[in-house]
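Novice: One structure, pasted below without further comment.
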Amino acid sequence: MIPLFATLAKLWRRRETETEGLVFRLHYTLTVIVLMAFCIVISSKQAIGGPIDCEVATNAMDVNMINTFCYVRFTTNVYGGPQYANRPNLGPHGDHPPGDGEHHYYQWVWLVLLLQSVCFYFPHYLWKRFESNRISSIVSSDMQYFVDDPNKRHQKIAQVVHFLRSTIGRNDGLAIEYYGCEFLAFCVVCGQILFNHHFLDKGFITFGMDQVKWWIADPSILQDPMEMLFPLLSKCRFDKFGSSGGRVELDALCVLSLNILNQKMFLFIWFWFYFLAIITGFTLIYRLILMTCPLIRYYALGSDIQSITDCQNRYKRFVCGLPLGDWFILLLLKDNTEPIIFDQIIEQLHQSCEVGGDFATNSYDIENNDNSIQCSSKM
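At position 13 of the sequence shown (counting the first as 1) the number is 13 in full-length UniProt numbering, and the numbers step up by one without a gap.
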């Protein structure tokens, strides 16, 4: 099982060319690693033993048969009074209707975790299909070593600038596709929260908060949410016909050893899914601001271009006038090149666009100290 975990850990390694933001990477790296690791542990009987162990009256039923029956069918929480406090979820029915507390999901947990990991990986797979190694083709793996070789550095920069200059105005689709994949990742995590809620007998949405309340409050007043959703002791009823032909009901007391893992795993999943949904939601809001505000795009890109020249007005007009897709390409280049190389790429691209004279931008008013600067364009 250790080699399987080692294989999963490779998802977290940094790639030569990064084309996604940190939040997006959390969806298909750490989340997939965690879900797949949980899936491996749950599905490994060697690590956890049998998933269920039921006890019936002596010689009333074959133990292996009743174990299989209760695991495949379902077990039941039966709520009683204080006299059953030492055995929560067991005892005669009180005010709860028949069927309350039935759990059918045990044998499907590993499959659900596997499918959820596939769902979280899908937006990344879709983005890689859209991106088609475009950034890798611009930034070769040996580009970082050109910093100390002026001739090779200038040659490589000229190639990159030529590519960028020839594709200006044609990259908006790539940016929209990436933001669309981030939105899809947000939909996936929200969808998985809702799916887990229905899969776990409608007890997942508030599972983490209920558990925190139970930790804070007096445990004798509230019932443990973990025991309610993932009982360690439960009841299974088996009907058979006796020797006289009459119907005989057998009640089995079942120990669900698998739930000691399910309790901890799904509690962690609850906190992780909500954390992932919140930070992804804020990321989407930030993306929306970037799409609608060129000045914010300038500052997002401009941290590495302050040293190019003392006159920043020209570069502010240039960056603010870039279409969204071209700015997005430059942002990816910034994340995959040394600052000295990126500075020179920006400077030479700006000079090339000024010489060409047909660089199409939008018109925006930019405030810079006391001067009002307009990013004008030639359409």
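Heads up, the beta-carbon is just placed ideally off N, CA and C, and yes, glycines get one too.
Determine the direct distance from the alpha carbon of F130 to that of I341, and round the result to whole angstroms.
Specialist: 26 Å
Novice: Between F238, H124, S43 and P225, which has its C-alpha nearest T19's C-alpha?
Specialist: Of the candidates F238, H124, S43 and P225, the one whose C-alpha sits nearest the C-alpha of T19 is H124.
Novice: If distances are taken between C-alpha atoms only, which option among M209, S137 and M265 comes closest to S156?
Specialist: According to the sequence provided, residue 156 is Lys. The question's Ser does not apply to it. Of M209, S137 and M265, the residue nearest in Cα terms is S137.
Novice: Determine the DSSP secondary structure at T76, reduced to helix, strand or coil.
Specialist: strand
Novice: In chain order, what residues of the same chain lie with their CB nearer than 7 Å to the CB of A185, ignoring the 5 residues before and after it?
Specialist: Excluding sequence neighbours, A185 sits near F24, H27, P123 and T280.
Novice: Where does E55 sit, in a helix, a strand or coil, going by DSSP?
Specialist: strand
Novice: Roughly how many angstroms lie between the CA atoms of L267 and W327, to the nearest whole one?
Specialist: 41 Å
Novice: Which residue wins for smallest C-alpha separation from P294, given the options S257, T68 and L324?
Specialist: L324
Novice: Please state the DSSP three-state secondary structure of S137.
Specialist: Helix, per DSSP.
Novice: Straight-line CA distance for S203 to V139?
Specialist: Before going further, note that residue 203 is Gly rather than Ser in the sequence given. Cα to Cα, the separation comes out at about 48 Å.
Novice: Determine the contact status of I296 and L288, defining contact as a CB-CB distance below 8 Å.
Specialist: In this structure, L288 does not lie closer than 8 Å to I296 by Cβ.
Novice: What separation, rounded to the nearest whole angstrom, lies between the Cα atoms of L256 and D335?
Specialist: 49 Å
Novice: Output the distance between the C-alpha atoms of G50 and L331, rounded to the nearest integer angstrom.
Specialist: 52 Å
Novice: Could you pull out every unbroken beta strand (DSSP E) segment of at least 3 residues lying fully inside the stretch 226-257, listed in chain order?
Specialist: 233-241 and 247-255
Novice: Excluding the 5 residues preceding and the 5 following I52 in the sequence, name in chain order all residues of the same chain whose CB lies nearer than 8 Å to its CB.
Specialist: Excluding positions up to five away in sequence, the list reads N67, C70, Y71, T75, Y106, C254, V255, L256, S257 and L258.
Novice: My understanding is that L250 touches M61, with C-beta atoms under 8 Å, so please give their C-beta distance in whole angstroms.
Specialist: 6 Å
Novice: Report the CB separation of residue 380 from N262 in whole angstroms; it is logged as a contact under 8 Å.
Specialist: The question about residue 380 has no answer, for the chain in this structure spans 1 to 379.
Novice: What residues in its chain sit with their C-beta under 7 Å from that of V160, if we drop five residues either side in the sequence?
Specialist: I138 and I345
Novice: Using three-state DSSP, classify H104 as helix, strand or coil.
Specialist: coil
Novice: In three-state DSSP terms, what is F204?
Specialist: coil
Novice: Assign L194 to buried or exposed, taking buried as 16 or more other Cβ atoms, counted over all protein chains shown, within 10 Å of its Cβ.
Specialist: Exposed, by the Cβ-count rule.
Novice: Out of curiosity, what's the CA-to-CA distance linking C39 and T206?
Specialist: 23 Å
Novice: Going by DSSP in three states, D343 sits in which element: helix, strand or coil?
Specialist: helix
Novice: Do you know offhand how far V212's Cα is from L333's?
Specialist: 44 Å
Novice: Let's see if you can read the secondary structure: which residues bound the alpha helix (DSSP H) around G321?
Specialist: N313 to G321
Novice: If Y178 and V32 are in contact, beta carbons under 8 Å, what's the gap, nearest whole angstrom?
Specialist: Contact between Y178 and V32 fails: their C-beta atoms lie close to 19 Å from each other, not under 8 Å.
Novice: Between C320, Y315 and V188, which lies nearest to H350 when the distance is taken from Cα to Cα?
Specialist: Y315
Novice: Under a Cβ-count criterion, where at least 16 other Cβ atoms within 10 Å of its own Cβ denotes burial, should W127 be classed as buried or exposed?
Specialist: buried
Novice: Counting C-beta neighbours from all protein chains within 10 Å, is the total for I42 16 or more, i.e. buried, or is it exposed?
Specialist: With 16 or more other Cβ atoms inside 10 Å of its own Cβ, I42 counts as buried.
Novice: Would DSSP call E18 helix, strand or coil?
Specialist: DSSP places E18 outside both helix and strand once states are collapsed to three, so it counts as coil.
Novice: With a threshold of 6 Å on Cβ separation, who are the neighbours of I168 within its own chain once the five nearest residues in sequence on each side are excluded?
Specialist: Excluding residues up to 5 positions away in sequence, D326 lie with their Cβ nearer than 6 Å to the Cβ of I168 in the same chain.
Novice: If you count every other CB in all the chains shown that lies within 10 Å of the CB of K191, and 16 or more means buried, which is it?
Specialist: Looking at the sequence itself, residue 191 is Gly, so the reference to Lys does not match. Label assigned to G191: exposed.
Novice: Just confirm the distance between the C-beta atoms of L248 and K240, as a whole number of angstroms; I'd bet it's less than 8 Å.
Specialist: Checking the sequence shown, residue 248 turns out to be Val, not Leu. The Cβ separation is near 5 Å, so the contact holds.
Novice: Helix, strand or coil for A185? Go by DSSP, reduced to three states.
Specialist: helix
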